[in-house]
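Engineer: Chains as they are written, first to last, in my numbering: chain X, -9 to 135; chain U, -9 to 135.
Backbone N, C-alpha and C define an ideal beta-carbon position, used for all residues, glycine too.
As the structure is a computational prediction, the values presented were derived from the model and not from experiment.
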DNA sequence: ATTTGATTTAGAATAATTCTAAACTATGTT
DNA sequence: AACATAGTTTAGAATTATTCTAAATCAAAT
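Given below as structure tokens:
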């Protein structure tokens, strides 16, 4: 898909607007790239993909756009073991699985409410606004996905 | 505490030995530093603390020692949001809490078996050997710890 | 004693990310 | 419409944690 669906375009400008930021062609393109292939790309990968559709974009702009998208809440950063930051447009609560063999990261759906329940292990004076759950291991032979 | 307790010294050389590595004064000192003040120091902080007791040690050696300790299983790396890697000698299953205000990281004890139970959310073909659970937020006024 | 291999060390190299300052773009105001 | 203002993009420099390199040191084993 080469461009943003109307729905996503709307969500994007709403979210940017709400954060006091402008909707620009670069931001639309980067967002589109993220929605298009949701395999947790790094900034560098996002740069390569975006550049193929918008050859004049710079690495700095890709970082700027990603930051804007994170700030306005449409994208989440995924950090695994000090590897380069990956970007994920999946906003529903989920965990991550990191395959040691391929290095790939997979979203893992979790039962409704589970992420919230986890917070209950915290002592009373700890107030958490985010919960991250990351598994590491390998995929059994068979499925690739 | 300036030096390793006999118990820890034994655990250290056993573990190093088991991994085919030698017990050296630098490794003992770095391990001692980690056991001494368990506030998830970064390599840089470990370097500073170790240097105060062993002024000739180098940064490279600190990294080497930390890597040796991680490899032989006595220490775990804790990575939060692409910040510098922290080192933690707490081997019992636990979660982490990252305070956005102070940047500090706290160990959070979890109910027996909980970390293992979390693995059950994974699809059958996902085989996890490690589970990481990180909360981010802030500490309510009152206790500092 | 000598060889062998591991370890330590200082400093160079790497790599992801952030910063800087100039050019560009869009928006709102008269 | 012209202009001021503020936000955005851009290339390249700077930063920073970490890894690499190669020489020096050390320790164990022949």
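Is the segment 62 to 78 of chain X close to the segment 55 to 75 of chain U, with three or more CB pairs under 8 Å?
Structural biologist: Short answer: they touch.
Engineer: Flag this pair as yes or no: are the beta carbons of residue 62 of chain U and residue 16 of chain U separated by less than 8 Å?
Structural biologist: Cβ distance not < 8 Å, so residue 62 of chain U and residue 16 of chain U don't count as in contact.
Engineer: Along chain U, in chain order, which residues have C-beta atoms closer than 8 Å to that of residue 87 of chain X?
Structural biologist: Near residue 87 of chain X (Cβ distances below 8 Å), the residues of chain U are 112, 116, 118.
Engineer: Is it the case that the segment 18 to 27 of chain U contacts the segment 109 to 126 of chain X, given that we only count it when at least three CB pairs across the two stretches are under 8 Å?
Structural biologist: No: fewer than three Cβ pairs fall under 8 Å.
Engineer: Leaving out five residues before and five after residue 25 of chain U in sequence, what residues of the same chain have Cβ atoms less than 7 Å from its Cβ?
Structural biologist: Within the same chain, residue 25 of chain U has close Cβ partners -2, 79.
Engineer: On the three-pair Cβ rule with 8 Å, is the segment -7 to 9 of chain U touching the segment 101 to 110 of chain X?
Structural biologist: Flag = no, the segment -7 to 9 of chain U and the segment 101 to 110 of chain X do not touch.
Engineer: When the Cα atoms are used, what is the spatial distance from residue 7 of chain U to residue 121 of chain U?
Structural biologist: Taking the straight line joining both Cα atoms gives about 27 Å.
Engineer: Check the C-beta distance from residue 97 of chain U over to residue 84 of chain U and give it rounded, since I have them as a contact under 8 Å.
Structural biologist: Confirmed, Cβ separation roughly 5 Å.
Engineer: So, at 8 Å on beta carbons, what are the nonlocal neighbours of residue 44 of chain X in its own chain, with the 5 sequence-adjacent residues on each side left out?
Structural biologist: Answer for residue 44 of chain X: 15, 16, 19, listed in chain order.
Engineer: Using a Cβ-Cβ cut-off of 7 Å (strictly less than) and excluding sequence neighbours within five positions of residue 109 of chain X, which residues of its own chain qualify?
Structural biologist: Closer than 7 Å at Cβ, skipping near neighbours: 118, 121.
Engineer: For the segment 71 to 98 of chain U, enumerate the residues whose C-beta is nearer than 7 Å to any C-beta of chain X, in chain order.
Structural biologist: Here the close residues are 71, 72, 75, 85, 87, 98.
Engineer: According to DSSP, what are the bridge partners of residue 88 of chain U?
Structural biologist: According to DSSP, which records beta bridges pairwise, residue 88 of chain U is partnered with U:95, U:126.
Engineer: Within a Cβ cutoff of 8 Å, which residues of the same chain sit near residue 31 of chain U, ignoring the five residues on either side of it in sequence?
Structural biologist: If we look at residue 31 of chain U and ignore the five residues flanking it on each side, its Cβ neighbours are 23, 24, 39, 76, 77.
Engineer: Got a sec? Which residues, its chain only, sit under 8 Å from residue 36 of chain X by beta carbon, not counting five neighbours each side?
Structural biologist: Here the set comprises 20, 23, 24, 52, 56, 77.
Engineer: Ignoring anything shorter than 3 residues or poking outside the segment 44 to 82 of chain X, list the beta strand (DSSP E) runs there in chain order.
Structural biologist: Here the runs fully enclosed are 66 to 68, 76 to 78.
Engineer: Could you round the C-beta distance between residue 1 of chain X and residue 59 of chain X to whole angstroms and report it? I think they count as a contact, below 8 Å.
Structural biologist: Not quite, the Cβ-Cβ distance comes to about 11 Å (not below 8 Å), so this is no contact.
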